[in-house]
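Following the working numbering from start to finish, the sequence shown increments by one per residue and tops out at 421. Cβ coordinates follow ideal geometry from the N, Cα and C atoms, glycine included.
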Amino acid sequence: MKYNIAVVGAGYVGLVTGACLAELGNKVFCIDNNSDKIKMLKALKIPIYEPGLERLVIKNVKRNKLFFTTNIGEGIKEATIVFIAVGTPPKENGEADVSAIENVSKIIAQHMTSYKLIVGKSTVPVETGKWIDRTIKLNLKKDVEFDVASNPEFLREGSAISDFFNPDRIVLGVSSKRALDLLLDLYKPIKAPKLITDIASSELIKHASNSFLALKISYINAIARICELSGADISQVADGIGMDKRIGRAFLDAGIGFGGFCFPKDLDAFIKISENLGYDFKLLKVVREINEKQKELFFSKIKSSLWNINSKIIGVLGLSFKPETDDLRFAPSLSIIEMLKKEGACIKAYDPKAMEKAKSLIKDITFCKNAYEVAKECECLLIITEWSEFKNLDFKRLKKLMKRRLIIDGRNILDKERLNNLGFEYIGIGR
Ligand code: UDX
């Protein structure tokens, strides 16, 4: 069956979820209190770069399956299922700020005139579902039935659409058969295992998954240190570890550390959630520490190969926190550029998609049209994001442009031997 759906919060998760549910034939209202964003979306302009999203939004708006509004009352009027996908940004102490969830729950309750299933999509502290339920009960204007459920989203930026349609699993945290039947029916077109849990477990699965992936990255980055100290090669070691099916090769790429709006924030939030519950999650504190250290180690590689950094021209390739996105939130590039600026470097930078956002965020650096313009007169090129176009650069051309042929590869995407043969000095991570 197709449903009338409301998605409250048109951020990364909300917008992708809304567009994909509309693509499945449901009628979806995406609601956001940011009127500029809604105006943009109504004009079919997408506020983020995500492959395939623009096409999906335009198609479904045109066939009257996808609507945008700032008005929660209007948006939820016809909806049977209401997804809450508002932001849960970090507070100063690392805790997730869930005030938007409380606020939205109140407003939803005040506008409810018929049964609704309210589904938590945002990444939230365990027990949020319980609070949504209480808040709705306290604010209902009419005596209507409702259910609360949790259905965390696991999509990755850069492959969000394909992750939505081909997930490893769909987690459904429910407390009633009615809620379960609705969600199972909604997700029927998606062929993926459906894991049915209670609400608290579902909420916990999301934080526990993200923290485990962060742990895998910090683990391999720590092994990369051991490789550097012992002369081993991290790529070979990661392949060897990853061939064990119990471990798996994914998320064992050593580099400059993880960034983005999920891992760093969710890790902090999970440490805080555990603390509030009475458990000191020391393991995750170390995961965070290793990640921070990774950026410092990268910087020390630059320093030890250039000696003085002051006034030297340094080229930065890649600004977004990972490829196929223009997202700069918690991007390692920002920390590295900050450290370089403090030492007086002249920085030139290029990113295939994040230039516009970067220009409004990073001051006093030179933005270039492409990697070759960055390379001109450079004493050192830094690879910060593993965009595929950086893997296929014309290195013979680069060689002629650079003042010193030094490449420091923060993502291990280049072939050390090939570059050495071409006359480059090459420094990677853990190799
Ligand atoms: C992540 C989770 O993967 C996703 O399930 C969740 O819904 C949101 O958070 P995302 O932040 O989009 O998704 O990016 P992801 O591809 O997971 O990468 C996160 C960071 O880890 C990036 O900075 C990336 O460069 C880094 N990373 C990833 C590594 O350093 N090494 C790896 O092997 C993998």
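Check	Outcome
What do you reckon, are the CB atoms on residue 338 and residue 356 nearer than 7 Å?	yes
Quick one: any contact between the segment 213 to 233 and the segment 184 to 201, if contact means 3 or more CB pairs under 8 Å?	no
Three-state secondary structure (DSSP) at residue 85?	coil
Cβ of residue 177 within 7 Å of Cβ of residue 70?	no
For a test of your reading of the model: does the CB of residue 144 fall under 6 Å from any non-hydrogen atom of ligand 1? Yes or no.	yes
Closer than 6 Å: is that where the CB of residue 223 sits relative to any heavy atom of ligand 1?	no
With respect to 6 Å, is the separation between the Cβ of residue 147 and the closest non-hydrogen atom of ligand 1 below this value?	yes
Quick one: does the C-beta of residue 347 sit closer than 6 Å to a heavy atom of ligand 1?	no
Could you have a look at residue 313 and say whether DSSP puts it in helix, strand or coil?	coil
Cα separation between residue 368 and residue 280?	30 Å
Whole angstroms are fine: how far does the CA of residue 285 sit from the CA of residue 213?	15 Å
At what residues does the beta strand (DSSP E) containing residue 187 begin and finish?	184 to 187
Indicate, with yes or no, if ligand 1 has a heavy atom lying under 6 Å from the CB of residue 32.	no
CB of residue 217 to nearest heavy atom of ligand 1: below 6 Å?	no
Consult DSSP for residue 80 and reduce its assignment to one of helix, strand or coil.	strand
Does the separation of the CB atoms of residue 35 and residue 113 fall below 7 Å?	no
Between which two residues does the alpha helix (DSSP H) harbouring residue 411 extend?	406 to 411
Would residue 207 and residue 251 qualify as a contact pair, given that the criterion is a beta-carbon distance under 7 Å?	no
What did DSSP end up calling residue 110 once you bin it into helix, strand or coil?	strand
Quick one: what's got a C-beta closer than 8 Å to residue 402's C-beta in the same chain, skipping five residues either side?	224, 225, 243, 244, 245, 418, 419, 420 and 421
Please give the ranges of any beta strand (DSSP E) in the segment 262 to 350, keeping only runs that are unbroken, at least 3 residues long and fully inside the region.	303 to 307 and 336 to 340
Check whether the Cβ of residue 255 lies closer than 6 Å to any heavy atom of ligand 1, and answer yes or no.	no
What do you reckon, is the C-beta of residue 10 under 6 Å from a heavy atom of ligand 1?	no
Give every residue of the same chain whose Cβ lies closer than 6 Å to the Cβ of residue 146, excluding the five residues on either side of it in the sequence, and list them in chain order.	153
According to DSSP, is residue 17 helix, strand or coil?	strand
With respect to the beta strand (DSSP E) encompassing residue 385, which residues constitute its N-terminal and C-terminal limits?	Where residue 385 is concerned, there is no enclosing beta strand (DSSP E), although the alpha helix (DSSP H) it sits in stretches over 385 to 391.
Using three-state DSSP, classify residue 73 as helix, strand or coil.	strand
Between the Cα of residue 247 and those of 255, 271, 288 and 231, spot the shortest distance and give me the residue it belongs to.	288
Give me the Cβ distance between residue 17 and residue 58, rounded to the nearest whole Å; I'm assuming they're in contact under 8 Å.	Between residue 58 and residue 17 the Cβ distance is about 13 Å, and since that is not below 8 Å, they are no contact.
Quick check on the DSSP output: what are the complete alpha helix (DSSP H) runs of length 4 or more inside the segment 154 to 236, in order along the chain?	167 to 176, 189 to 220 and 224 to 232
By how many angstroms is the C-alpha of residue 56 removed from the C-alpha of residue 11?	9 Å
If distances are taken between C-alpha atoms only, which option among 109, 118 and 334 comes closest to residue 92?	118
Rounded to whole angstroms, what is the Cα-Cα separation between residue 6 and residue 254?	21 Å
Kindly say whether residue 17, judged by its beta-carbon, lies nearer than 7 Å to any beta-carbon of chain D.	No chain D appears in the structure shown, which is made up of a single protein chain.
Assuming residue 300 and residue 334 form a contact by the criterion Cβ under 8 Å, report the distance between their Cβ atoms to the nearest whole angstrom.	4 Å
In chain order, what residues of the same chain lie with their CB nearer than 7 Å to the CB of residue 170, ignoring the 5 residues before and after it?	162, 164 and 186
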